[in-house]
Amino acid sequence: MNRTMARTFALLLATLVGSMQMVGCSGEVSFTTANLSEAMLAEGIDSEGKPIGVTNVFEIDTPEIFCSAKLSNAPDDTEILSEWYYVSGELEDVENLLIDSVPFTADGSQYLQFSLTIPDNGWPRGSYKLVLYIDGKEEVTLPFTVGSADNPFAATGSSATLTEPVMALGVDAEARPVNPTTTFAVDTPEIYCSVKLNDAPAGTQILSEWYYVKGEVADVTNLLIDSVPLTADGTLYLKFWLQKPDNGWPKGEYRLDFYLNGTAALSVPFSVGDATNPFVPASPATPISEATMARGVNADGTPENITSTFDVNTPEIYTSMWVEGPPAGTQLGAEWYYISGEVEGLTDYLMDSVEIEIEEANYYYFYYPRPDGGWPRGNYAIVLYLDGVQQTSLPFTVS
-16 MNRTMARTFA LLLATLVGSM QMVGCSGEVS FTTANLSEAM LAEGIDSEGK PIGVTNVFEI
44 DTPEIFCSAK LSNAPDDTEI LSEWYYVSGE LEDVENLLID SVPFTADGSQ YLQFSLTIPD
104 NGWPRGSYKL VLYIDGKEEV TLPFTVGSAD NPFAATGSSA TLTEPVMALG VDAEARPVNP
164 TTTFAVDTPE IYCSVKLNDA PAGTQILSEW YYVKGEVADV TNLLIDSVPL TADGTLYLKF
224 WLQKPDNGWP KGEYRLDFYL NGTAALSVPF SVGDATNPFV PASPATPISE ATMARGVNAD
284 GTPENITSTF DVNTPEIYTS MWVEGPPAGT QLGAEWYYIS GEVEGLTDYL MDSVEIEIEE
344 ANYYYFYYPR PDGGWPRGNY AIVLYLDGVQ QTSLPFTVS
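In structure tokens form, the structure reads like this:
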């Protein structure tokens, strides 16, 4: 039997006129809506922080190597960290050397720029990488090389680039990500990645390689799971996915690498299981799965028109989930949060909390109707509980 819970949104409306008490998270709810996209290495940056001369191959006399990345939906004081590494090359016995690291804080949605200036004697030829973190968690890795002589696979005369890599639970008809995340449950049916190909001439070759890096499988590290080559051209979004093994995903760290015409272009880390995800329950089985934001639900409670971005005039915002395992009578709880946005002075605000009783294994869903004045633009989240124990968190935005 499905359970439906509609709330009036009165609590949030009251805050807009300043009459309600603000509630902070105080460390009890840990999540961020911040993400990085459009990360690109380049020869320069314009006044808006966007890249000029996108490339991942630099000469030894390049004055400065730049990176541009778009930060989106970041709460106040979001911690950003950049780490530049010399991986390997002409310097003997030097590998994975940390050259420089720069921490800073940022908020909102904006382009960020990072740069590294040339050493006095020029860049040593070899392989390098830039790793970007949000709140201590690796978000994206950008490999690059210095010295064309060491890069025989570099495409000559090609302006093609790969940008906007996003791991997700699904993709839409245009291969754009649906429900982005970098942490997946062990029973996730398929893990998707959406990436944008730009200005690719005919015959451009893209290679994807999926790796199991490390985790619960003893003595197994950096295992190549699958590789898929394809040819494409133009500017379009591409989708890549990997299906769940018969016994479920081993918990641990994974990585998806992309190559463009034989040259390393992007590296996207992600993880599976509760070892690195505080929102996944500690039990081997996951009582709440398939938790999804959507514009509606079907008669059986499954989501319809899945998305994590809603318009200010969206009539109702839904979240649907499959619950299996807890005994009858277990309380399924939901807390709706307004994280940040156009309502000044209001952050991490608990809008409302509700509980319903689980009767059997089934789809359950919650929804909120649109307030009279429309949804305030900003970042939101719903946090789900079983008998008061936090299980998962789903961020979403209204824009």
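Count the sequence shown with the numbering used here and you get residues -16 to 382, in order. For each residue, glycine too, the CB sits at the ideal point set by N, CA and C.
Let me check one thing: in DSSP terms, what residues is residue 305 bridge-paired to?
Residue numbering aside, residue 305 sits at position 322 when the sequence shown is read from its first letter. DSSP output for residue 305 lists 272 and 346 as bridge partner(s).
Does residue 366 come out as helix, strand or coil in the three-state DSSP assignment?
By one-based count along the sequence shown, residue 366 stands at place 383. Residue 366 sits in a strand when the DSSP states are folded into three classes.
If we require 3 or more residues per run, which beta strand (DSSP E) segments fall completely within the segment 108 to 135?
Within the segment 108 to 135, the complete beta strand (DSSP E) runs of at least 3 residues are 109 to 117 and 120 to 129.
Any chance you could list the beta strand (DSSP E) runs of at least 3 consecutive residues sitting entirely within the segment 51 to 110, in chain order?
Entirely contained in the segment 51 to 110, the beta strand (DSSP E) runs reaching 3 residues are, in chain order, 80 to 100.
Using the C-alpha atoms, what's the distance from residue 68 back to residue 112?
On the sequence shown, position 129 is the one that residue 112 refers to. On the sequence shown, position 85 is the one that residue 68 refers to. Per the coordinates, the alpha-carbon of residue 112 lies some 5 angstroms from the alpha-carbon of residue 68.
Every unbroken beta strand (DSSP E) within the segment 214 to 255, with a cutoff of 3 residues, ordered by chain:
Runs of the beta strand (DSSP E) lying entirely within the segment 214 to 255 and spanning at least 3 residues, in chain order: 235 to 243 and 246 to 255.
Using the Cβ count rule (16 or more neighbours within 10 Å means buried), how would you classify residue 287?
Your numbering for residue 287 matches position 304 in the sequence shown. Label assigned to residue 287: exposed.
Which residues in the same chain as residue 158 place their Cβ atom closer than 7 angstroms to its Cβ, once the five residues preceding and following it in sequence are excluded?
Within the sequence shown, the letter at position 175 stands for residue 158. Hits under 7 angstroms: 177, 220, 221 and 222.
Range covered by the beta strand (DSSP E) that runs through residue 187:
To locate residue 187, count along the sequence shown from 1; it is residue 204. Here the beta strand (DSSP E) through residue 187 covers 173 to 198.
Inter-residue spacing [alpha-carbon to alpha-carbon] between residue 198 and residue 252
For the purposes of this step, residue 198 is taken as residue 215 along the sequence shown, with counting starting at 1. For the purposes of this step, residue 252 is taken as residue 269 along the sequence shown, with counting starting at 1. A straight-line Cα-Cα distance of about 13 angstroms links residue 198 and residue 252.
Cutting at 6 angstroms between CB atoms, please list the residues of its own chain near residue 64, excluding the five before and the five after it.
Your numbering for residue 64 matches position 81 in the sequence shown. So the qualifying residues of the chain are 86 and 116.
Closest Cβ-Cβ distance between residue 296 and chain B: below 7 angstroms?
Absent from the structure is chain B; it holds one protein chain and no more.
I'd like the list of long-range same chain contacts for residue 181, defined as Cβ closer than 7 angstroms, with 5 residues on each side in sequence excluded.
Taking the sequence shown and counting its residues from 1, one reaches residue 181 at position 198. When the five nearest sequence neighbours on each side are left out, the beta carbons in the same chain lying within less than 7 angstroms of the beta carbon of residue 181 are those of 143, 144, 146 and 218, in order along the chain.
According to DSSP, simplified to helix, strand and coil, what is residue 341?
Your numbering for residue 341 matches position 358 in the sequence shown. Coil at residue 341, not helix or strand.
From 60, 107 and 55, pick the residue whose C-alpha is nearest to that of residue 80; which is it?
Walking along the sequence shown from the start, residue 80 turns up at place 97. For residue 80, the nearest C-alpha among the options comes from 107.
Please determine, among 229, 242, 124 and 84, the residue with the shortest C-alpha to C-alpha distance to residue 250.
In the sequence shown, counting from the first residue as 1, residue 250 sits at position 267. It is 124.
What does a CB cutoff of less than 6 angstroms around residue 370 pick up in its chain, not counting 5 residues either side in sequence?
Within the sequence shown, the letter at position 387 stands for residue 370. Around residue 370: 313 and 314.
Report all residues from its chain with a CB closer than 8 angstroms to the CB of residue 1; omit the five preceding and five following residues, and keep chain order.
As a first step, residue 1 is located in the sequence shown; it is residue number 18 there, counting from the start. For residue 1, the predicted model reports a pLDDT of 32, less than 50, meaning its position is unreliable and no value from the coordinates is stated.
On the three-state DSSP scale, how would you describe residue 278?
Indexing the sequence shown from 1 puts residue 278 at position 295. Here DSSP, grouped into helix, strand and coil, assigns residue 278 to strand.
With burial defined as no fewer than 16 other Cβ atoms inside 10 Å of the residue's Cβ, what is the status of residue 30: buried or exposed?
The residue given as residue 30 occupies position 47 in the sequence shown. Exposed is the call here.
If you check the beta carbons only, do residue 365 and residue 16 fall under 7 angstroms apart?
Against the sequence shown, residue 365 aligns to sequence position 382. Against the sequence shown, residue 16 aligns to sequence position 33. No, the pair does not count as a contact, with Cβ atoms beyond the cut-off.
Note down, in chain order, each residue of its chain lying with its Cβ closer than 6 angstroms to the Cβ of residue 300, except the 5 sequence neighbours on either side.
By 1-based counting over the sequence shown, the position of residue 300 is 317. Correct list, in chain order: 293 and 351.
Please tell me whether residue 232 and residue 255 are closer than 7 angstroms, where the distance is taken between their beta carbons.
Locating residue 232 in the sequence shown gives position 249, where the first residue counts as 1. Locating residue 255 in the sequence shown gives position 272, where the first residue counts as 1. Yes. Within cutoff.
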